[in-house]
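Report on the structure given below.
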Amino acid sequence: MKRLALLLFLAFPLLADAPEATIKYRSIVMKAMGAHMNAMSMVVKKQVSDRSRLPIDAEAMRNLSGGLPALFAKGTGPDVARTAAKPDVWQRWPELQAAAAKLERETLRLSQLAHGKDARAFDAQFEAVNAACTECHQQFRQQN
Ligand code: HEC
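Going by the numbering used here, the sequence shown opens with residue 69, and the numbers climb by one from there.
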């Protein structure tokens, strides 16, 4: 029995994590991005006047948005576990990758503008980042 287990272990060294764990993990990463976006949005909406933390949030967004497709391992869709990710994620994988790449580009630009003096340009770019989130959600995330 032990030998069999060892054999299986050797045969499948890259056995995937539990789907629920991957789903929880991507939910945490998404919520982290949501927290940084919510913080910046209070500044962009001028509810908070201190703009000094914008570079911190923008840099965090740039880092967090890297490599998002890795959060969507095969076998972590709604056919397997509770998730708001649509089957489209895996059926239209190149589009998922494109949507993730777009967010990466927009957050890179945001982090560059965060170090500049042009508040208007930053605020406009913040909307572009927001749109990149929405675009992906409309295609790949189950509403409610
Ligand atoms: C490449 C596609 C994609 C991009 C880009 C994307 N998301 Fe998501 N997001 C998803 C998918 C798919 C889900 C559903 C995941 C699940 O339920 O397993 C999701 C879920 C979420 C959730 C809900 C998490 C939960 O479990 O309650 C939040 C919050 C969120 N995203 C925030 C953001 C923000 C903010 C951005 C932009 C900065 C963003 N997302 C960009 C695909 C994306």
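Where a beta carbon is used, it is the ideal one built from N, C-alpha and C, also for glycine.
Measure from the alpha carbon of Glu172 to the alpha carbon of each residue in Pro87, Leu136, Gln159, Gly143, then state which is nearest. Working through the sequence shown from its first residue, we reach residue 172 at position 104. Checked all of Pro87, Leu136, Gln159, Gly143; the closest Cα to Glu172 is Leu136.
Based on the DSSP output, what are the partners of Ala153 in its beta bridges? Reading the sequence shown from its first residue, position 85 is the one you call residue 153. DSSP lists Arg209 as partners of Ala153.
Quick one: using the 10 Å Cβ neighbour count with 16 as the cut-off for buried, is Met110 buried or exposed? The residue you call residue 110 lines up with position 42 of the sequence shown. Flag for Met110 reads exposed.
When you compare each of Gln210, Ala73, Tyr93 to Pro146 by their alpha carbons, which one comes out closest? If you number the sequence shown from 1, residue 146 lands on position 78. The shortest Cα separation from Pro146 among Gln210, Ala73, Tyr93 belongs to Gln210.
Please report the distance separating the alpha-carbon of Ser179 from that of Leu72. Working through the sequence shown from its first residue, we reach residue 179 at position 111. Working through the sequence shown from its first residue, we reach residue 72 at position 4. Approximately 52 Å between the Cα atoms of the pair.
Counting C-beta neighbours from all protein chains within 10 Å, is the total for His104 16 or more, i.e. buried, or is it exposed? To locate residue 104, count along the sequence shown from 1; it is residue 36. So His104 ends up on the buried side.
Taking a contact to mean a Cβ-Cβ separation below 8 Å, would you say Glu174 touches Val197 in this structure? The residue labelled residue 174 in the question sits at position 106 within the sequence shown. The residue labelled residue 197 in the question sits at position 129 within the sequence shown. It is a contact, given that the beta carbons lie within the stated cut-off.
Among Ala152, Pro162, Lys185, the one whose alpha carbon lies nearest that of Gln206: On the sequence shown, position 138 is the one that residue 206 refers to. Considering only alpha carbons, the answer is Ala152.
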